[in-house]
Structure formats: C-alpha cells, structure tokens
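In this note's numbering, the protein residues as written are 11 to 338. Cβ coordinates follow ideal geometry from the N, Cα and C atoms, glycine included.
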Ligand code: SAM
Ligand code: SF4
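Right, dumping it as structure tokens:
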C-alpha cells in the first residue's frame with residue numbers, strides 16, 4: 011500500500027494520456043502558439059499499462075483517464091480495453107470533452123466503464139463557442155444524451171466564470187431536475203497556459219452555492235464520500251444532484267488520496283506543484299518493477315501537505331501551465 015508522509019493512503023491516479031486537444035477552452039489553453047510535446051517524449055501505452063500494473067499492486071485501484079482530450083490519441087480505445095483487465099483496477103473513469111466520445115460508448119460499456127465526466131461549460135451554443143473557440147456544441151450534447159441512455163454514471167464539469175457562463179448555473183441545476191446527472195461547478199484555476207489569472211472576478215465555492223440557493227432555496231446537503239473533492243447537494247425532488255469543487259480555494263487537500271501522471275510521464279503528487287518526478291526516465295533507464303515501486307514510495311514520503319504549500323514552493327515560477335499538460 012502507498013501512504014504519504016501525512017498518513018494519507020493513495021489509491022487513485024489521474025493519468026493524462028495526451029496533451030493534445032481539439033478544443034481551445036480559454037481557461038485551459040491559448041488559442042494559438044501551443045507547443046505540443048514530441049510524440050517520443052510521451053509515455054507509450056505499453057509504459058502506461060506497466061505503470062498502472064505496478065500502481066495496482068500497491069493498492070491503487072482507481073484510475074481516471076484524462077488529458078488533453080483522451081479520445082484524440084490514436085489507440086486510446088484499445089488501451090482502455092487492455093487496462094480494463096488489469097488485476098486490482100476496480101474503477102476506470104474518464105474525463106472527456108465529448109466531441110468524439112459518442113462513437114465509443116458501446117465499447118466503453120462493454121469494458122465496464124462506470125463513470126464519465128463530460129466537460130460542458132454552457133448549455134447555450136454561442137456561449138459554448140466563445141468558451142471553447144470551436145463549434146462542437148451539437149456533438150457534445152449528442153454524446154451527453156447518448157450517455158444518459160446507458161447505465162454509465164454521468165457527471166458534467168462546468169468551470170464557473172464571471173462574464174462567461176454565470177447565466178448557465180440555473181439551467182445546469184434544472185438539468186438535474188429531469189435527468190439523473192451530477193453537475194459539478196468548478197472554481198476556475200490559473201492553469202490556462204498563459205501567465206496570469208483568466209478572470210478578474212473569481213467565483214469561490216460559497217458564492218456559487220449562495221447563487222444557487224437564491225433561486226433554489228430547497229437545496230439539501232448530501233453526504234460527501236471520503237476523499238471527495240466536491241461538496242455535494244441536491245434540490246429536493248430532483249432526479250440528479252450537483253456538487254461544487256473548490257479547486258482554487260483548496261478545502262479538500264487534507265484527505266487527498268490522488269496522484270497525477272502527466273502525458274510525458276511526470277509524477278505529480280499535487281496539482282499545484284511546479285516540478286515532479288519523471289517516471290518515464292526511471293522506466294526507460296531499465297528499472298525493475300521493484301525499483302519503480304521503491305521510487306514511488308520515496309516520492310510519496312516527501313509529499314506536500316496541501317496545494318498551498320506546493321504552490322509556495324514554486325517561488326518565481328507562478329502557476330501558468332495549461333491544464334492539458336498536467337491532466338485536469
Ligand atoms: N479534455 C477533457 C475535458 O475537457 O474534459 C479532459 C481534460 S480537461 C484538462 C479536464 C478538466 O479540467 C475539464 O473538466 C476542465 O473543465 C478542467 N479544467 C481545465 N482547465 C481548468 C482551469 N483553469 N480551472 C478549472 N478547471 C479546469
Ligand atoms: Fe481541451 Fe479539455 Fe482543455 Fe478544453 S478543458 S481545451 S477540452 S483539454
């Protein structure tokens with residue numbers, strides 16, 4: 011089992027399989043000038059699979075596949091089919107922008123994928139375009155409705171942004187009236203691939219909740235599962251529920267059970283840390299499984315207490331990388 015130096019058990023890895031994407035969400039990456047990683051610098055699917063097997067042997071039983079957009083990497087479906095059979099991996103969840111995901115839903119179901127997070131920042135086609143800079147709204151909505159027809163647990167990720175999609179908060183809550191869906195309102199973070207915060211007026215968790223309550227006073231608190239990053243609620247009588255993720259105010263670090271692996275194989279024990287350790291280099295140096303496990307245990311024995319400590323450690327290197335290069 012992996013434990014960190016703060017006694018937290020690590021059982022969850024978020025694996026970014028690519029830094030590439032077919033959208034350009036402005037809070038995640040700039041419109042142009044993006045330097046994608048060289049293909050040979052990315053972990054191969056074989057390397058990822060081996061890594062997951064080693065993780066699973068140490069009790070990591072939950073994997074989230076993210077990116078970049080996972081479904082733009084060629085061979086992703088075969089990779090998912092392969093890791094679905096790994097002993098010890100009980101949950102494989104996927105975060106996707108939904109633009110091309112619809113065509114894979116049958117295969118995702120067939121391998122037992124139980125949860126998909128769909129990023130959808132607006133229910134309005136024009137606002138969607140302004141945020142993502144691409145005309146893919148209809149495809150994403152189609153994927154959403156296809157997912158609703160399955161037994162896959164669907165969550166919508168919506169980054170809440172002043173001047174961009176505040177008008178969408180109430181329609182999103184209303185979506186939970188008619189559909190068994192969880193909407194996650196996410197605080198915007200400065201991981202946008204450019205220097206500086208995207209928005210001048212930040213919407214923290216409390217402001218989002220107060221805003222919802224102003225329209226829906228019958229908000230009920232739901233229990234939050236252990237290590238949950240979201241504070242969860244529902245409106246009485248509605249089929250679905252909603253949650254708020256304090257991604258920037260970071261109220262959940264104390265129970266953090268997760269690590270991240272970036273597309274080029276850098277292990278980050280905290281989203282906010284500047285550096286990380288190259289598992290790719292360790293793997294490519296010929297390390298045995300045993301040696302890889304020892305490295306991992308050492309890294310986890312020196313983990314930041316929380317995202318503030320990790321951010322302070324960056325010193326003159328403020329957060330500016332794109333979320334697509336880390337894995338959101
Ligand atoms: N492309 C896929 C998608 O959009 O779902 C997966 C990768 S994306 C980086 C994962 C999640 O990170 C998305 O839900 C996205 O909204 C979120 N995200 C990206 N940049 C963010 C930021 N600056 N602040 C908060 N969330 C962000
Ligand atoms: Fe692409 Fe996801 Fe980033 Fe949007 S949030 S640009 S869909 S990686």
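Any idea what DSSP makes of residue 278, helix, strand or coil? For the purposes of this step, residue 278 is identified with residue 268 of the chain shown, where counting begins at 1. Residue 278: strand per DSSP, three-state reduction.
Below 6 Å CB to CB, which residues in the same chain sit around residue 237 once its five sequence neighbours on both sides are set aside? In the chain shown, the residue the question calls residue 237 occupies position 227. Cβ neighbours of residue 237 beyond the five flanking positions: 265, 267.
How would you call residue 11, buried or exposed, if buried means at least 16 neighbouring beta carbons within 10 angstroms? The residue labelled residue 11 in the question sits at position 1 within the chain shown. It counts as exposed.
Nearest-angstrom Cα separation, counted from residue 211 out to residue 120: As a working note, residue 120 is residue 110 in the chain shown. As a working note, residue 211 is residue 201 in the chain shown. In a straight line, the C-alpha of residue 120 is about 44 Å away from that of residue 211.
Extent of the continuous beta strand (DSSP E) run through residue 180: Along the chain shown, read from residue 1 onward, the residue named residue 180 stands at position 170. No beta strand (DSSP E) holds residue 180; the alpha helix (DSSP H) holding it covers 179-188.
Straight-line gap, residue 157 to residue 325 (C-alpha atoms, nearest Å): Residue numbering aside, residue 157 sits at position 147 when the chain shown is read from its first letter. Residue numbering aside, residue 325 sits at position 315 when the chain shown is read from its first letter. Rounded to whole angstroms, the separation of the alpha carbons of residue 325 and residue 157 is 43 Å.
Which two residues bound the contiguous alpha helix (DSSP H) that contains residue 149? Along the chain shown, read from residue 1 onward, the residue named residue 149 stands at position 139. If you look at residue 149, you'll find it in the alpha helix (DSSP H) that goes 147-158.
Report back the beta-carbon spacing between residue 71 and residue 98 to the nearest angstrom; my notes put them in contact at under 8 Å. Residue numbering aside, residue 71 sits at position 61 when the chain shown is read from its first letter. Residue numbering aside, residue 98 sits at position 88 when the chain shown is read from its first letter. Correct: roughly 6 Å between the Cβ atoms.
Would the beta-carbon of residue 95 be found less than 7 Å away from any heavy atom of the ligand SF4? Numbered from 1 along the chain shown, position 85 holds the residue referred to as residue 95. Distance from the C-beta of residue 95 to the nearest heavy atom of the ligand SF4 is not below 7 Å.
For residue 203 versus residue 331, is the C-beta spacing smaller than 8 Å? Taking the first residue of the chain shown as position 1, residue 203 is located at position 193. Taking the first residue of the chain shown as position 1, residue 331 is located at position 321. Yes. Within cutoff.
Out of curiosity, what's the CA-to-CA distance linking residue 16 and residue 307? Numbered from 1 along the chain shown, position 6 holds the residue referred to as residue 16. Numbered from 1 along the chain shown, position 297 holds the residue referred to as residue 307. C-alpha separation (whole angstroms): 13 Å.
Mind checking whether the beta-carbon of residue 280 lies closer than 7 Å to any heavy atom of the ligand SAM? As a working note, residue 280 is residue 270 in the chain shown. Short note on residue 280: C-beta not closer than 7 Å to any heavy atom of the ligand SAM.
For residue 182 and residue 291, I'd like the C-alpha separation in whole angstroms. Within the chain shown, residue 182 is the residue found at index 172, counting from 1. Within the chain shown, residue 291 is the residue found at index 281, counting from 1. The straight-line gap from Cα to Cα measures roughly 43 Å.
When you measure from the CB of residue 129 to every non-hydrogen atom of the ligand SAM, does any distance come out below 7 Å? On the chain shown, residue 129 is found 119 positions in, with the first residue counted as 1. Residue 129 has its Cβ nearer than 7 Å to a heavy atom of the ligand SAM.
Since I believe residue 132 is in contact with residue 194 (beta carbons under 8 Å), could you give me their beta-carbon distance rounded to a whole number of angstroms? In the chain shown, residue 194 corresponds to position 184, counting from 1. In the chain shown, residue 132 corresponds to position 122, counting from 1. Rounded, the Cβ-Cβ distance is 14 Å, inconsistent with contact.
Inter-residue CB distance, residue 52 and residue 75 (contact presumed, cutoff 8 Å): Counted from its first residue, the chain shown places residue 52 at position 42. Counted from its first residue, the chain shown places residue 75 at position 65. Not confirmed; about 14 Å, so no contact.
Alpha-carbon spacing of residue 78 relative to residue 223, whole angstroms: Along the chain shown, one-based indexing puts residue 78 at 68. Along the chain shown, one-based indexing puts residue 223 at 213. C-alpha separation (whole angstroms): 34 Å.
Take every Cβ of the stretch 166-181, pair it with every Cβ of the stretch 297-312, and state whether three or more of those distances are shorter than 8 Å. Too few Cβ pairs lie closer than 8 Å, so no.
CB residue 188 to CB residue 244, shorter than 8 Å? By 1-based counting over the chain shown, the position of residue 188 is 178. By 1-based counting over the chain shown, the position of residue 244 is 234. Against a cut-off of 8 Å, the Cβ pair of residue 244 and residue 188 comes out as no contact.
Between residue 87 and the rest of its own chain, which residues show a CB-CB distance below 7 Å, the 5 nearest in sequence each way excluded? One-based indexing of the chain shown puts residue 87 at position 77. Answer for residue 87: 114, 117, listed in chain order.
Does the Cβ of residue 333 lie closer than 7 Å to at least one heavy atom of the ligand SAM? Along the chain shown, one-based indexing puts residue 333 at 323. At least one heavy atom of the ligand SAM lies closer than 7 Å to the C-beta of residue 333.
Could you have a look at residue 292 and say whether DSSP puts it in helix, strand or coil? Translated into the one-based positions of the chain shown, residue 292 becomes position 282. Residue state, collapsed to three classes: helix.
Terminal residues of the beta strand (DSSP E) in which residue 342 lies: Since the first residue shown for the chain is 11 and the last is 338, residue 342 is missing from the structure and cannot be characterised.
Rounding to the nearest angstrom, what Cα-Cα distance links residue 103 and residue 125 in this structure? As a first step, residue 103 must be located in the chain shown, where it is residue number 93. As a first step, residue 125 must be located in the chain shown, where it is residue number 115. About 5 Å.
For a quick check, are the C-beta atoms of residue 168 and residue 130 less than 8 Å apart? Locating residue 168 in the chain shown gives position 158, counting from the first residue. Locating residue 130 in the chain shown gives position 120, counting from the first residue. Result yes, Cβ atoms of residue 168 and residue 130 sit closer than 8 Å.
CB of residue 110 within 8 Å of CB of residue 147, strictly: Position 100 of the chain shown, counted from the first residue, corresponds to residue 110. Position 137 of the chain shown, counted from the first residue, corresponds to residue 147. In this structure, residue 147 does not lie closer than 8 Å to residue 110 by Cβ.
So does residue 253 have its beta carbon nearer than 7 Å to some heavy atom of the ligand SAM? Taking the first residue of the chain shown as position 1, residue 253 is located at position 243. Residue 253 has its CB no nearer than 7 Å to any heavy atom of the ligand SAM.
From residue 272 to residue 43, what does the alpha carbon distance come to, in whole angstroms? Translated into the one-based positions of the chain shown, residue 272 becomes position 262. Translated into the one-based positions of the chain shown, residue 43 becomes position 33. Straight across, the Cα-Cα distance linking residue 272 with residue 43 is about 20 Å.
Would you mind sorting residue 14 into buried or exposed? The rule is 16 or more other CB atoms within 10 Å of its CB. As a working note, residue 14 is residue 4 in the chain shown. Buried, by the Cβ-count rule.
Please name the residue, chosen from 258, 242, 337, 274, that lies closest to residue 251 on a Cα-to-Cα basis. Within the chain shown, numbered from 1, the residue matching residue 251 stands at position 241. Closest option to residue 251, judged by alpha-carbon separation, among 258, 242, 337, 274: 242.
If I follow the unbroken alpha helix (DSSP H) through residue 86, where does it start and stop? If you number the chain shown from 1, residue 86 lands on position 76. Looking at the DSSP string, the run of the alpha helix (DSSP H) that includes residue 86 is 86-93.
If you follow the alpha helix (DSSP H) that residue 322 is part of, which residue opens it and which one closes it? Mapped onto the chain shown, residue 322 falls at position 312. Its alpha helix (DSSP H) spans residues 317-322.
Complete alpha helix (DSSP H) runs within the stretch 96-125 (minimum length 4 residues, chain order): Within the stretch 96-125, the complete alpha helix (DSSP H) segments at least 4 residues long are 115-120, listed from N- to C-terminus.
First and last residue of the beta strand (DSSP E) that includes residue 30? As a first step, residue 30 must be located in the chain shown, where it is residue number 20. Boundaries cannot be given for residue 30, as no beta strand (DSSP E) includes it and DSSP labels it neither H nor E.
Cβ-heavy atom distance between residue 34 and the ligand SF4 below 7 Å? Locating residue 34 in the chain shown gives position 24, where the first residue counts as 1. Under cutoff, so the answer is yes.
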